[in-house]
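Q: Below are the structure tokens for one structure; questions will follow.
Residue numbers (the numbering used here): 1371 to 1512.
Okay, here's the thing in structure tokens:
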């Protein structure tokens, strides 16, 4: 009997975020690998390096629009922290349509230690999605 499980592959709609910025090599490598695997990937990342920002949000964005720029088809950057970026992705880029999965990373460096839950932008971005009821994982390489 033949195993046909791979023939039933259903691509996921994945939101890919990070804290190292939209130009991070790990982010683009993850994006390319997920697309090559057949998934529908929306990349939304901070405009600049935001490591260590943890759960911080851009309070000023409550009173004025956050800059969200599409720099390539299906790829945006946001002038904000990883949490602000994730919220902008979910609410504006995806227009409230929840992805199947949020992947935060690949983080440049390790995320280890007791304070990671509040200090890591990578972990906080994934936690933001989980708070919205969306499955998420944080990925680090170091």
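A virtual CB, placed ideally from N, CA and C, is assigned to each residue, including glycine.
Among all the DSSP beta bridges, which residues are the ones paired with residue 1500?
A: Against the chain shown, residue 1500 aligns to sequence position 130. Residue 1500 is not bridged to any residue.
Q: So, with DSSP's three-state summary, where would you put residue 1441?
A: By 1-based counting over the chain shown, the position of residue 1441 is 71. Strand, per DSSP.
Q: Measuring alpha carbon to alpha carbon, tell me which of 1381, 1465, 1385 ends up nearest residue 1413.
A: For the purposes of this step, residue 1413 is taken as residue 43 along the chain shown, with counting starting at 1. It is 1385.
Q: If you compare alpha carbons, which of 1502, 1507, 1492, 1411 is closest to residue 1451?
A: Locating residue 1451 in the chain shown gives position 81, counting from the first residue. Residue 1451 has its Cα closest to that of 1492, out of 1502, 1507, 1492, 1411.
Q: Tell me whether residue 1461 is buried or exposed, calling it buried when 16 or more other Cβ atoms sit within 10 Å of its Cβ.
A: As a first step, residue 1461 must be located in the chain shown, where it is residue number 91. Flag for residue 1461 reads exposed.
Q: Provide the residue span of the alpha helix (DSSP H) that contains residue 1396, from first to last.
A: In the chain shown, the residue the question calls residue 1396 occupies position 26. Start and end: 1395 to 1406.
Q: Could you give the distance in angstroms between the alpha-carbon of residue 1392 and the alpha-carbon of residue 1419?
A: The count along the chain shown starts at 1 and reaches residue 1392 at position 22. The count along the chain shown starts at 1 and reaches residue 1419 at position 49. If you take the alpha carbons of residue 1392 and residue 1419, they lie about 8 Å apart.
Q: Can you tell me which of the three DSSP states residue 1385 falls into?
A: Position 15 of the chain shown, counted from the first residue, corresponds to residue 1385. Here residue 1385 sits in strand by DSSP.
Q: Does the Cβ of residue 1475 have 16 or more other Cβ atoms within 10 Å, making it buried, or fewer, making it exposed?
A: If you number the chain shown from 1, residue 1475 lands on position 105. Classification of residue 1475: buried, given that the 10 Å Cβ count is 16 or more.
Q: Please state if the CB of residue 1495 and the CB of residue 1456 are separated by a distance shorter than 9 Å.
A: For the purposes of this step, residue 1456 is taken as residue 86 along the chain shown, with counting starting at 1. For the purposes of this step, residue 1495 is taken as residue 125 along the chain shown, with counting starting at 1. In this structure, residue 1495 lies closer than 9 Å to residue 1456 by Cβ.
Q: What residues match up with residue 1473 in a beta bridge as DSSP calls it?
A: Translated into the one-based positions of the chain shown, residue 1473 becomes position 103. Residue 1473 pairs with 1386, 1507.
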